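Only one structure is covered here, and it is reproduced in the block below.
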Amino acid sequence: MSSRSSEPRVGLRGPVLIAGGAGYIGSHTTKLFRELGVATVVLDNLSTGHRRFVQGPFEQADLGDRATLARVFAEHRPAAVVHFAAKTYVGESVTDPSKYYLENVAYTWNLLEAMRAAGCRDIVFSSSCATYGNPLRVPIDEDHPQAPISPYGRTKLHMEHMMEDYSRAYGLRFAALRYFNAAGASQGGELGEIHVPETHLIPLVLFTALGLREKISVFGDDYDTPDGTCIRDYVHVEDLALAHVLALSKLQAGTERLACNLGTGQGFSVLEVIETCRRVSGRPIAVVQAPRREGDPPRLVSGGSRAFDLLGWKPRRPGLADIVGDAWRFHSAEARRPEA
Ligand code: UDP
0 MSSRSSEPRV
10 GLRGPVLIAG
20 GAGYIGSHTT
30 KLFRELGVAT
40 VVLDNLSTGH
50 RRFVQGPFEQ
60 ADLGDRATLA
70 RVFAEHRPAA
80 VVHFAAKTYV
90 GESVTDPSKY
100 YLENVAYTWN
110 LLEAMRAAGC
120 RDIVFSSSCA
130 TYGNPLRVPI
140 DEDHPQAPIS
150 PYGRTKLHME
160 HMMEDYSRAY
170 GLRFAALRYF
180 NAAGASQGGE
190 LGEIHVPETH
200 LIPLVLFTAL
210 GLREKISVFG
220 DDYDTPDGTC
230 IRDYVHVEDL
240 ALAHVLALSK
250 LQAGTERLAC
260 NLGTGQGFSV
270 LEVIETCRRV
280 SGRPIAVVQA
290 PRREGDPPRL
300 VSGGSRAFDL
310 LGWKPRRPGL
320 ADIVGDAWRF
330 HSAEARRPEA
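In numbering that gives the first Met the number 0, the protein residues as written are 0 to 339.
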């Protein structure tokens with residue numbers, strides 16, 4: 000589907016500046032905007048993103064570089080920003096919080112200032128269920144108190160608060176999308192999850208199925224859950240991408256601020272994920288029990304209906320077997336790449 004030859008088929012004004020558009024969720028979102036005929040510009044420093052995942056115009060730059068940010072806004076005149084660029088490792092945020100306060104909080108301030116100077120007022124950004132901390136109730140609805148327990152979660156909450164304050168003072172319009180567990184890959188197979196190091200469950204289990212790892216460690220089997228392992232809400236990365244498009248169209252239609260969860264509302268245990276990976280791949284997967292990972296709450300499942308009520312968002316691929324199937328296709332193809 001050509002993005003340049005057609006007028007936007009959604010009521011969206013571009014170009015959209017996609018900070019972190021070379022990353023996992025950012026690249027899927029860029030792809031969707033372009034399929035809908037909305038112009039994009041990706042801004043990414045490629046510290047964790049991948050050049051081959053970038054679609055359309057690209058500026059390799061760092062959000063710490065304010066002069067370049069000003070030039071990018073002057074040159075591309077973005078009508079809106081979608082902001083994915085952030086550090087995302089909970090463990091690293093505990094040992095090196097400085098990096099997280101700099102790159103998540105201070106760099107977001109840089110971005111908001113560049114927007115303000117350029118008169119660009121709409122931003123959709125990646126928040127996280129980590130802003131809720133240890134849940135007091137599950138499913139977790141959007142009115143659940145936000146009391147993050149890691150520096151990572153705290154930086155995401157600071158970002159939300161900063162945008163709230165800018166919204167009230169300067170007329171910024173923002174959507175904070177609190178993701179649960181992003182998973183899967185594009186159904187076309189060209190985009191997927193590559194983190195170095197990889198710490199996420201589904202890719203690690205699939206690496207084991209591919210023979211790239213000997214076994215998968217299950218972090219804790221004595222939680223207060225039916226099979227003793229942690230439960231998470233896995234949401235397809237293409238469904239996350241869709242929510243960003245819907246959120247931006249809401250802002251451009253006049254909504255000043257919104258925050259909502261993005262999850263399917265279904266929880267799966269670590270053992271259920273491994274079993275699904277076995278079924279989908281048809282391969283044996285060796286499992287070992289390991290101690291609990293610090294900071295892992297037993298259950299994180301999205302509740303609340305704000306994403307549906309406000310955005311009309313409903314996951315199109317909520318099934319775990321579909322999510323794992325798309326990830327399996329992507330990782331199998333990656334493993335065949337000569338440079339893999
Ligand atoms: N997990 C695991 N073994 C691994 C990686 C993760 O048992 O090698 C568990 C982890 O403890 C959590 C769930 O899988 O309960 C999902 O972890 P992931 O890192 O994918 O996402 P998180 O929920 O931490 O954002």
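Even glycine gets a Cβ: it sits at the ideal position worked out from N, Cα and C.
Note that the structure is a prediction, hence the values are computed from the model and not measured.
Contact set, the ligand UDP heavy atom to C-beta under 6 Å:
ASN180, THR198, HIS199, LEU200, LEU203, ILE215, SER216, VAL217, PHE218, CYS229, ARG231, VAL269, ARG292 and ASP295
Checking the sheet assignment: what are the DSSP bridge partners for SER216?
Start at 1 with the first residue of the sequence shown, and residue 216 comes out as number 217. For SER216, which the question treats as bridged, DSSP gives the partners VAL287.
Measure the beta-carbon distance from ILE201 to ALA326 and round it to whole angstroms, keeping in mind my assumption that it falls under 8 Å.
Looking up residue 201 in the sequence shown gives position 202. Looking up residue 326 in the sequence shown gives position 327. ILE201 to ALA326, Cβ: 5 Å. Contact.
Spatial neighbours of TYR169 within its chain, please: C-beta separation below 7 Å, excluding the five flanking residues on both sides.
Taking the first residue of the sequence shown as 1, we reach residue 169 at position 170. So the list reads ARG115, once near-sequence residues are dropped.
Reference ALA246; option with closest CA among VAL53, LYS313 and THR224:
Working through the sequence shown from its first residue, we reach residue 246 at position 247. The candidate whose alpha carbon is nearest that of ALA246 is LYS313.
Using 8 Å as the threshold, is the C-beta distance between LEU176 and ALA184 below it?
Locating residue 176 in the sequence shown gives position 177, where the first residue counts as 1. Locating residue 184 in the sequence shown gives position 185, where the first residue counts as 1. Not closer than 8 Å, so no.
Going by other Cβ atoms of all chains shown within 10 Å of its Cβ, with 16 needed for buried, is GLY19 buried or exposed?
Taking the sequence shown and counting its residues from 1, one reaches residue 19 at position 20. Buried, because 16 or more other Cβ atoms sit within 10 Å of the Cβ of GLY19.
Under 8 Å, do ALA60 and ASN44 count as touching if we go by C-beta distance?
By 1-based counting over the sequence shown, the position of residue 60 is 61. By 1-based counting over the sequence shown, the position of residue 44 is 45. Cβ distance < 8 Å, so ALA60 and ASN44 count as in contact.
Look at VAL37 and GLU58 and say whether their C-beta atoms are less than 8 Å apart.
Residue mapping note: residue 37 aligns to position 38 of the sequence shown, counting from 1. Residue mapping note: residue 58 aligns to position 59 of the sequence shown, counting from 1. No. Outside cutoff.
Tell whether a beta-carbon distance below 8 Å holds between ALA85 and GLU112.
Mapped onto the sequence shown, residue 85 falls at position 86. Mapped onto the sequence shown, residue 112 falls at position 113. No.
Comparing C-alpha positions only, which one of TYR106, PHE173, TYR23 and GLY303 sits nearest to THR67?
Here residue 67 refers to the residue found at position 68 of the sequence shown. Ranking the options by Cα distance to THR67, first place goes to TYR106.
Within 8 Å, strictly: CB atoms of SER125 and ARG256:
As a position in the sequence shown, residue 125 is number 126, starting the count at 1. As a position in the sequence shown, residue 256 is number 257, starting the count at 1. Contact: no.
Just to confirm before moving on: does the CB-CB distance between ASP220 and GLY266 stay below 8 Å?
For this step, residue 220 is matched to residue 221 along the sequence shown. For this step, residue 266 is matched to residue 267 along the sequence shown. No, these two residues do not count as a Cβ contact at 8 Å.
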